[in-house]
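Numbering (this note's numbering), first residue to last: 2 to 259. A virtual CB, placed ideally from N, CA and C, is assigned to each residue, including glycine. Report on one structure; see the data block that follows.
Shown next, in the form of C-alpha cells:
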C-alpha cells in the first residue's frame with residue numbers, strides 16, 4: 002500500500018537503512034528526487050510529503066508545527082521497521098527534529114542520525130519579523146528578501162503561484178507560531194550543515210544544535226547562502242553517506258527499537 006506521507010523514487014527492498022528527507026517550506030518531496038541515484042544501494046531515500054503540495058495539493062496544509070509533527074510521526078511510523086535517519090533543510094530541519102523528539106518520547110523506533118541543514122537551533126529566539134500575515138504581494142517580496150525568491154517559472158504564471166502560495170504561507174505560519182518545548186534530549190548523533198553566507202542560520206546558531214542531543218554533535222559549512230546545497234550537493238551527500246556508514250554495522254537494538 003502506498004504511503005501518502007512519503008515519496009520513494011527507487012524502491013530498495015534490501016537496503017539496510019532508510020533516509021527520510023524533509024523539504025523546506027512550501028515545496029514537496031520531489032525536491033529530493035536527484036538524491037536517490039547518488040546514494041549507495043544500502044540506503045533507500047524516502048522524501049517526506051506534506052499535505053497541500055504536489056500529489057497532495059488538494060489537502061489542506063497544516064498550520065501548526067506540533068500538529069504537523071504529530072501527523073508526520075503517525076504517517077511514518079508504519080514504515081520504521083528498519084534502521085533509519087532524518088535529514089531536513091530549513092523548515093524541514095525543524096519538522097525532522099520535532100518528529101525525532103516524539104519518537105524519542107515514545108521509546109520506540111528512533112533515528113540513528115538527525116541531519117539538520119540551514120536552520121538555527123530550535124531553542125534560539127526568532128530574529129526576523131513575522132510575515133505569514135502579509136498580503137500576497139508583500140509576502141512574495143519578503144520571501145525573496147529572506148530566502149532568495151520564488152522561482153521565476155511560478156512568478157510568471159499566476160495560476161501556478163496561486164496553487165503554491167497557500168502551502169508556503171501555512172508553513173511560514175507554523176514556523177512563526179512554533180515555541181520550543183524544553184524537555185528530553187535526543188539520544189542520536191546530530192550533525193548540522195549550513196552555508197557560510199546564510200544570514201538565516203549563522204555558524205554559532207547551527208552549533209547550538211549541540212544542545213539537542215546526549216550523543217555526539219558535528220557541523221560542516223559550505224560556500225553559499227541559504228540554498229548552498231544546490232551547488233554543494235556532491236560534497237554534502239558524501240558527508241552524509243560517511244556519517245551514516247559510521248554506524249552501518251551497529252546492532253539495530255542500539256538505535257532502533259522494533
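Q) Roughly how many whole angstroms lie between the Cα atoms of residue 29 and residue 64? A) 16 Å
Q) Apart from the five residues on each side of it in sequence, which residues of its chain come closer than 8 Å, Cβ to Cβ, to residue 76? A) 4, 5, 6, 7
Q: Enumerate, from N- to C-terminal direction, the unbroken alpha helix (DSSP H) stretches of 4 or more residues contained entirely within the stretch 184–220.
A: For the stretch 184–220, whole alpha helix (DSSP H) runs of length 4 or above, ordered along the chain, are 204–208.
Q. Terminal residues of the continuous alpha helix (DSSP H) containing residue 242?
A. 234–246
Q. When burial is assigned at 16 or more other CB atoms within 10 Å of the CB, is residue 163 buried or exposed?
A. exposed
Q.
According to DSSP, simplified to helix, strand and coil, what is residue 34?
A. helix
Q.
Let me confirm a value: residue 119 is counted as buried when at least 16 other C-beta atoms fall within 10 Å, else exposed. Which label applies?
A. buried
(Q) Nearest by alpha-carbon distance to residue 169: which of 159, 158, 36, 133 is it? (A) 133
Q: Measure the alpha-carbon distance for residue 97 versus residue 70 and round it to whole angstroms.
A: 8 Å
Q) Taking contact to mean at least 3 C-beta pairs separated by less than 8 Å, is the stretch 38–56 in contact with the stretch 14–21? A) yes
Q: Would you mind working out which of 9, 194, 159 sits nearest residue 88, comparing C-alpha positions?
A: 194
Q | Pair within 8 Å by beta-carbon distance, residue 53 and residue 171 | A | yes
Q.
For residue 80, tell me which candidate among 49, 108, 160, 62 has the shortest Cα-Cα distance.
A. 49
Q) How would you call residue 215, buried or exposed, if buried means at least 16 neighbouring beta carbons within 10 angstroms? A) exposed
Q. Relative to the alpha-carbon of residue 83, which residue among 102, 59, 112 has its alpha-carbon at the smallest distance?
A. 112
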